[in-house]
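Peer 1: One structure follows; several queries about it will come next.
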Amino acid sequence: MPNRLYKPKYDHFDSFDPELLLNPPRDLSVVYSWVWNDKLDKDTIKRQLEEFADAGIYALYVIPEPPNFRPRSLKTYLEPEYMSDEFLAYYRAAVEYAEKVGISLWLYDEGGWPSGGACGLVAQKTDESAPLVICSREVTLDDNYRPHSGSLALYDGDRRLTQSEMSELRESGKNASGSANSTVTGKKLTEYYVERRDHGVNFVDLTSDEVMSAFIETTHDKYTKSVGGYFGNEISLMFTDEPKLTRYAWCENLVGKYQDRYGSEYDLLDFLPVISGRREARNETERRVYLSYRHLLGSEFKRAFFERYADWCHEHNLGFCGHLDGDHDLAAFVGNCASSGLDMLRTMDVPGVDVIWRQIYPRDGRIVSDGYDFFSRVASSAAVQNGGNLALTETFCIYGDDISADEMRYVVNYQLLCGINLFNFMNAVYGRRRALALNMRPMICPEKPGFYNMSGYYRQLARLCLLMRTGRRVCDTALYLPCDDIMLGGEIANRAAESFRKLGDYIEGQLVDFDIIDDEAILTAVERDGCLEIGGAHYRHIMIPDCRYMPARVREIASRYPGIGEPPLECANPNIRAAVRDTDDERICFIFNRGIGVETAEICTKDERGCYLISPDTGRMSWLGVGSVNVRLESGEAAVLLLSDKDYPVYADEREVCTLSSPKLCGVRRFKIDSDGVSDERLENLPDGEFSGEVTYEYEYMLPSEPRAGEIYRLIPDISGLTLRAYSDDQLLGDCQTKPMRIEFDGSLLRRQGRIRIVAANTPAAELAANLPDAIAAWGEEETRSYNDRLVLFEHKPESGETAKLFGQLITAKLSLHKVDYK
């Protein structure tokens, strides 16, 4: 197993720190992808960085989208040319100014995605960059036949022609009449061959050392020359995005490498109909050879791309992070890398997953409609097995511009349950004209409603990430990933995948945290004191799904660790899930409601220590008692319990002190879509009908006594479906997004009598429904073809009166101020 040579900042906290929880480091907050898709301008770069900082976004990485990335389906207008000296000058300017405004940056390794081709620059550097694939064609042995330049073998049905026949045909270029085997003369045969096929500017042969060298030279080395002085400080990580093998991949000298690795018992060329995908394997020999071919291909991919990438990062004081492709679907995940995927992820300092297309979403029953719910665990499993603690998710790309904060919370909290503790949100956008801010929705920018209403949620997430990096996971159970069964496809794969999914759901339902483990981890682990140890993982239990092709030695080892671990908590509610972390003297319990409605639950802590409830909103705590405690959770909400013998300050009392009254409309900001792109406009009155935007109301209040610094107040708006931010005399009190809605702040921000201004925002849904179709008609479908058809299925169309009902809450709903005692 690889050794982790790089430890990111705030990777791990040994003990619970209540002061740190109140003011979590910015490094723990969300990281946004910043899509550069239009002509660059230094003033615009600086202005947008200031906007991000004002919105509570303190970490970014740039995704350049050059015009040649997807010109016919995701049209972009980036200038200057990607990775040119002029482009790198803009990038350096962004890094320099980001440092001034307190924003850190990561590096992203590609122009678009998937990683590897440098958006066509690798192909310019080497003629042998396109993926090498195995193909077949029907041929007739006549005077016109010429072997393909990459010919491997000729087959008559399932029978491979002998080498002497092949040699004679190559030499003569004529038919086989009168030579070697006349039974094939004039017959239609199948020729298997390899060739390099162009799959797009970013699809290259990632098993090739030459291609990897070109990729590093055109991307990594150029960034080093431009901003290498920031590596290890303002720039800490380099992100790779969806590197993958093409279907039916081949690599140079594969036949020779096969013999070197597996010996000469079987000739790979005797199994080309199976390897090429023309038919499934029909017997055990064919299956074993096919699996050996895939394992070899995967090892070449890992060696040439992942291990070399990690070495380069470590040599340059950077951490290696990113994700693979098709994470939620075992067949795609295994197929894209010709391995379990876990072995590739373990080469990373911060392994990750990709959560797109609403793969994780609040649904009745299964959370993931097409795949398995707990797929985020591949990243957290790889992290701990590699001796690390950080696991990453890239989340919300192609989720739609109407996703609510409550839905976002559900998606995030379920991943926290699965061990993810570093969040990369998609997307912040540079360009605003035409479809540039709309083609991969959601794409945030100040023109869209609610851009400045999320900083409180980002702080919540920072606190949760802090807690889920503290101590060590209580996890002694692993679920075996049946890689070989999945590789074989067909009914063998389907049965294994379904068994894997059901077994994982069962373990999670028992309130037992678990990892996913593969052959490599089991074979390289150390058996000690009844545990299977690998990196930071210590497994006493390995659950094996129904699978036929688990290697014998792997099964022998895994079978010594039967069953599942003891649940650290007890709860009868079937929608409650839990993950637990221990420090030397305290326990942190993360309780998640996976249901689609409000759930109440009694949690038995199985512990004699006192139980505190931690508020992610504020970082403060309430006392719950000892033994069994009750929680009430909205859909997707999490309760964080701290079991401790220590005395901490807690909320002692809360009482309403006044109601906000006399709401006065102070302004409307309407979000607009037209043929020019996205914009906003200021209005004095609410528009008729449905609209997207922000509405500002001002309220009067009168407190019973003069507020003082150090006193805690809460603004409680009985409102849902909107995000809010609140001001008192132009001083920001805070913002809120998710149920239950509340904003907590210090009494120094209030007077005894004054006004509070509320800025409420809905989503872009109404404007999308009303005006996006006409805009696309004006632009042409090449602006949005990649994703829009799917997005419009996600995004709801507001019903008549919906907008008025939402914003009408600001008039009819109760908004009150509460005073909170904290002791």
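First residue of the sequence shown? That's 190 in my numbering, and the numbers climb one at a time after it.
C-beta atoms are modelled at their ideal positions from N, C-alpha and C, and glycine is treated no differently.
Using 8 Å as the limit for Cβ to Cβ distance, is Gly560 near chain C?
Peer 2: Looking at the structure shown, chain C is missing, and only one protein chain is on hand.
Peer 1: From this set, Gly856, Glu883, Phe880, Ile862, which residue's C-alpha is nearest Glu873's C-alpha?
Peer 2: If we check each option's Cα against that of Glu873, Gly856 comes out closest.
Peer 1: With DSSP run on the structure shown, which of helix, strand or coil describes Phe612?
Peer 2: Of the three classes helix, strand and coil, the one that applies to Phe612 here is strand, per DSSP.
Peer 1: With H, G and I counted as helix, E and B as strand and the rest as coil, what does DSSP make of Ala369?
Peer 2: In this prediction, Ala369 has a pLDDT of 40, which is less than 50 and means its spatial position is unreliable; what the coordinates show is noted afterwards. The answer is coil: DSSP assigns Ala369 none of H, G, I, E or B.
Peer 1: If you draw a straight line from the alpha carbon of Ala369 to that of Leu485, how long is it in whole angstroms?
Peer 2: Note on Ala369: pLDDT 40, under 50, position unreliable in the model; no value is reported.
Peer 1: Any contact between the region 668-678 and the region 731-748? By contact I mean 3 or more CB pairs, one from each, below 8 Å.
Peer 2: With the cut-off at 8 Å, the region 668-678 and the region 731-748 touch.
Peer 1: With the cut-off set at 8 Å, would you say Leu426 and Leu534 are in Cβ contact?
Peer 2: No, Cβ-Cβ distance for Leu426 and Leu534 is not below 8 Å.
Peer 1: Rounding to the nearest angstrom, what Cα-Cα distance links Val567 and Cys510 in this structure?
Peer 2: Using only the alpha carbons, I get a separation of about 14 Å.
Peer 1: Considering only the beta carbon of each residue, do Leu692 and Met643 sit closer than 8 Å?
Peer 2: Contact: no.
Peer 1: In three-state terms, what does DSSP make of Gly799?
Peer 2: Here Gly799 sits in strand by DSSP.
Peer 1: Can you pull the DSSP bridge partners for Phe934?
Peer 2: Tyr902, per the DSSP bridge assignment.
Peer 1: Indicate the three-state DSSP secondary structure (helix, strand or coil) for Phe241 in the structure shown.
Peer 2: Helix.
Peer 1: State the CB to CB distance for the pair Glu933 and Phe880, rounded to an integer number of angstroms; the pair is presumed to be in contact (CB under 8 Å).
Peer 2: No, Glu933 and Phe880 are not in contact; Cβ-Cβ is about 31 Å, not under 8 Å.
Peer 1: Whose CA, out of Met930, Thr885, Leu892, lies closest to the CA of Tyr907?
Peer 2: Note on residue identity: the sequence assigns Asp, not Tyr, to residue 907. Nearest C-alpha to Asp907: Met930.
Peer 1: Pick from Asp796, Cys847, Gly825: whose alpha carbon is nearest that of Leu832?
Peer 2: The shortest Cα separation from Leu832 among Asp796, Cys847, Gly825 belongs to Asp796.
Peer 1: Which of the three DSSP states is assigned to Cys736 in this structure?
Peer 2: Here Cys736 sits in coil by DSSP.
Peer 1: Smallest Cα separation from Met905: which of Pro320, Gly816, Tyr550, Gly923?
Peer 2: Looking at the sequence itself, residue 905 is Ile, so the reference to Met does not match. Nearest of Pro320, Gly816, Tyr550, Gly923 to Ile905, Cα basis: Gly923.
Peer 1: Since Val839 and Ser811 are thought to touch, with beta carbons under 8 Å apart, how far apart are those beta carbons, to the nearest angstrom?
Peer 2: Sure, about 6 Å apart at Cβ, within 8 Å.
Peer 1: For Ile945, write down the residues that DSSP places opposite it in a beta bridge.
Peer 2: According to DSSP, Ile945 bridges with Tyr888, Ser917.
Peer 1: Taking its Cβ as the centre, do 16 or more other Cβ atoms sit within 10 Å of Gly660, making it buried, or is it exposed?
Peer 2: Looking at its Cβ environment, which holds 16 or more other Cβ atoms inside 10 Å, Gly660 is buried.
Peer 1: At the level of alpha carbons, what is the spacing between His388 and Tyr271?
Peer 2: Near 20 Å, if we compare the C-alpha coordinates of Tyr271 and His388.
Peer 1: Taking DSSP's pairing of strands, which residues face Phe860 in a bridge?
Peer 2: According to DSSP, Phe860 bridges with Asp869.
Peer 1: How long is the line joining the alpha carbons of Pro214 and Asn616, rounded to whole angstroms?
Peer 2: C-alpha separation (whole angstroms): 22 Å.
Peer 1: Run the proximity test for Met427: is its beta-carbon closer than 7 Å to any non-hydrogen atom belonging to the ligand PLP?
Peer 2: Questions concerning the ligand PLP fall outside what the structure shown contains, since it holds no ligand whatsoever.
Peer 1: With Trp223 as the anchor, note down where its beta strand (DSSP E) starts and where it stops.
Peer 2: Trp223 -> beta strand (DSSP E) spans 220-225.
Peer 1: How long is the line joining the alpha carbons of Asp707 and Thr713, rounded to whole angstroms?
Peer 2: Using only the alpha carbons, I get a separation of about 10 Å.
Peer 1: Restricting to runs no shorter than 4 residues, where is the alpha helix (DSSP H) found entirely within the region 698-742?
Peer 2: Listed in chain order, the complete alpha helix (DSSP H) runs (minimum 4 residues) inside the region 698-742 are 708-713.
Peer 1: Which residues in the same chain as Leu217 place their Cβ atom closer than 7 Å to its Cβ, once the five residues preceding and following it in sequence are excluded?
Peer 2: Cβ neighbours of Leu217 beyond the five flanking positions: Tyr199, Ala651, Cys654, Leu655.
Peer 1: Near Gln998, what residues of its chain come up, given a Cβ to Cβ distance below 6 Å and the 5 sequence neighbours on each side ignored?
Peer 2: Taken in chain order, the residues that qualify are Ile908.
Peer 1: Pick out the complete beta strand (DSSP E) segments inside the region 601-684, 3 residues or longer, and give them in chain order.
Peer 2: With a minimum length of 3 residues, the continuous beta strand (DSSP E) runs that stay inside the region 601-684 are 611-618, 666-669.
Peer 1: Quick one: using the 10 Å Cβ neighbour count with 16 as the cut-off for buried, is Thr265 buried or exposed?
Peer 2: Thr265 comes out buried.
Peer 1: Using the Cβ count rule (16 or more neighbours within 10 Å means buried), how would you classify Ser371?
Peer 2: Model confidence at Ser371 stands at a pLDDT of 45, short of 50, so the residue's coordinates are unreliable; what they give is reported in the following sentence. Under this definition Ser371 is an exposed residue.
Peer 1: Can you tell me whether Asn442 is buried or exposed? The criterion is at least 16 other CB atoms within 10 Å of its CB, across all chains shown.
Peer 2: So Asn442 counts as exposed.
Peer 1: Just to confirm before moving on: does the CB-CB distance between Phe205 and Ile780 stay below 8 Å?
Peer 2: The answer is no: Cβ separation not under 8 Å.
Peer 1: Does DSSP put Asn764 in a helix, a strand or coil?
Peer 2: Reduced to three states, the DSSP call for Asn764 is coil.
Peer 1: Below 8 Å CB to CB, which residues in the same chain sit around Ala1002 once its five sequence neighbours on both sides are set aside?
Peer 2: So the list reads Pro906, Asp907, Ile908, once near-sequence residues are dropped.
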